[in-house]
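A.B. asks: One structure follows; several queries about it will come next.
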Amino acid sequence: MNRKFEKRLAYLGALWQVASGLYTMFIYSIKVRGLEESLALSSYKVETSAKVMSDNLYMFSVTFGMLFIIIGAVNIYLIRKLSDKRPETKIPVWFFVCGILSYLVTDFISAAAFIVSGVITLARNKAIIVYYKT
Numbered sequence: 815m816n817r818k819f820e821k822r823l824a825y826l827g828a829l830w831q832v833a834s835g836l837y838t839m840f841i842y843s844i845k846v847r848g849l850e851e852s853l854a855l856s857s858y859k860v861e862t863s864a865k866v867m868s869d870n871l872y873m874f875s876v877t878f879g880m881l882f883i884i885i886g887a888v889n890i891y892l893i894r895k896l897s898d899k900r901p902e903t904k905i906p907v908w909f910f911v912c913g914i915l916s917y918l919v920t921d922f923i924s925a926a927a928f929i930v931s932g933v934i935t936l937a938r939n940k941a942i943i944v945y946y947k948t
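Numbering (the working numbering), first residue to last: 815 to 948.
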């Protein structure tokens with residue numbers, strides 16, 4: 815049995831996660847950091863509050879981007895471990911979890927790729943069991 819289609823879908827989701835993580839870390843976070851400078855601030859307290867808020871948003875966006883990159887790298891590793899000759903149970907469940915988490919953070923491309931990849935991987939398990947037992 816060939817798992818090429820679900821591997822390609824999972825690669826699509828993983829590469830999208832890495833790309834969006836890199837975008838979040840290096841482009842979006844820099845825009846958030848520069849947001850404070852574009853505000854016309856009236857007092858020292860407001861200026862300090864805006865700087866603290868900008869720093870917190872910057873750290874959050876960098877952490878969020880790094881989380882996406884790490885999850886994408888883990889997914890690439892797991893895709894390479896996906897075997898064509900034995901039924902897999904843990905990796906498709908991980909794909910479902912990643913798909914649901916991606917859906918919750920409104921990353922619909924990764925969510926669709928991982929959920930469909932998990933469904934197809936689980937569906938092929940039965941065919942692999944039948945094919946290799948005979």
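From the three backbone atoms N, C-alpha and C, an ideal C-beta is built for every residue, glycine too. This structure is a prediction, so every number in the text was calculated from the model and none was measured.
What does the alpha-carbon distance come out to for the pair R894 and C912?
C.D. replies: Approximately 16 Å between the Cα atoms of the pair.
A.B. asks: Note down the Cα distance separating N964 from W830, rounded to an integer number of angstroms.
C.D. replies: Limits of the chain in this structure are 815 at one end and 948 at the other, which puts residue 964 out of reach.
A.B. asks: Pick out whichever of E851, F922, P906 has its Cα sitting closest to the Cα of I934.
C.D. replies: Measuring from the Cα of I934, the nearest candidate turns out to be P906.
A.B. asks: Would you mind stating whether V832 and G886 have Cβ atoms separated by less than 8 Å?
C.D. replies: Yes, these two residues count as a Cβ contact at 8 Å.
A.B. asks: Can you tell me where the alpha helix (DSSP H) with I883 in it begins and where it stops?
C.D. replies: Element bounds for I883: 858-895.
A.B. asks: What number of angstroms, rounded off, separates the C-alpha of I923 from the C-alpha of G827?
C.D. replies: Their backbone Cα atoms lie some 7 Å apart in a straight line.
A.B. asks: How big is the Cα-Cα spacing for M839 and Y945?
C.D. replies: Going by the C-alpha atoms only, they are around 45 Å apart.
A.B. asks: May I have the straight-line CA-CA distance separating K859 from V876, to the nearest angstrom?
C.D. replies: For K859 and V876, the distance between alpha carbons rounds to 26 Å.
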